[in-house]
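Sequential numbering of the sequence shown, starting at 1413, is according to my numbering.
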Amino acid sequence: MSSGVLVIYADDESFTFMTPEGHALSAWITFSAYRDGEVTVAQVQALERTADPLIELSYVLGANRLNDRFWEATLANLARAVGVVAPSIDIVKVCVDSRRQWRYVRNLRFSAMFSTAVGTATAPARWWRRRFIRTNRR
């Protein structure tokens, strides 16, 4: 998956971006690095919430673990890229608000995942229409 981001803050030690409309998560994600003695610590802090009920359901069914693995792999790859042989990755999760937000069902109209699912599900009907209806018009 590839999507644009909006950088909302940047300085010498960190930057923060916001996910675009249509992304699976509404999020502000801050990347930072600092020295702790002889060690450089790289950190990702994500304040994120699912953007719509469909994504929320996928998180209940396990997509949240995939997201954790993604960030763990991202930090491990960064560490290896700068020469760390065996990176140590720690994940700390804090739930800020556990309420379900089903009132945001309207956000499905912006959801890239929902649009893709609808497009895939309706592909056979569109193929049939192009194949048989257009041929009969000639």
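Quick reminder that beta carbons are idealized off the backbone N, C-alpha and C, glycines included.
Residue span of the alpha helix (DSSP H) that contains residue i, given as start and end
{"i": "Asp1448", "result": "Segment 1437-1448 is the beta strand (DSSP E) holding Asp1448; no alpha helix (DSSP H) there."}
Residue range of the unbroken beta strand (DSSP E) whose run includes residue i
{"i": "Ser1510", "result": "No beta strand (DSSP E) holds Ser1510; DSSP gives it neither H nor E."}
{"i": "Arg1461", "result": "1451-1462"}
{"i": "Val1419", "result": "1418-1422"}
{"i": "Thr1428", "result": "1426-1430"}
Residue i, buried or exposed, once every other Cβ within 10 Å from all chains shown has been counted against 16
{"i": "Ile1467", "result": "buried"}
{"i": "Ser1502", "result": "The sequence as given places Asp at residue 1502; Ser does not occur at that position. Per the 10 Å Cβ criterion, exposed."}
{"i": "Thr1431", "result": "buried"}
Test: residue i CB closer than 9 Å to a CB of chain C
{"i": "Thr1532", "result": "No chain C appears in this structure, which consists of one protein chain only."}
Neighbourhood of residue i by C-beta distance below 8 Å, restricted to the same chain and skipping five residues each side
{"i": "Thr1486", "result": "Val1456"}
At least 3 beta-carbon pairs within less than 8 Å: the region 1511-1531 vs the region 1458-1474: yes
Specify whether the region 1504-1513 and the region 1413-1428 touch according to this definition: at least 3 beta carbon pairs, one from each stretch, less than 8 Å apart. no
Meets three-Cβ-pair contact criterion under 8 Å: the region 1473-1491 and the region 1450-1457: Cβ pair count under 8 Å is three or more, so yes.
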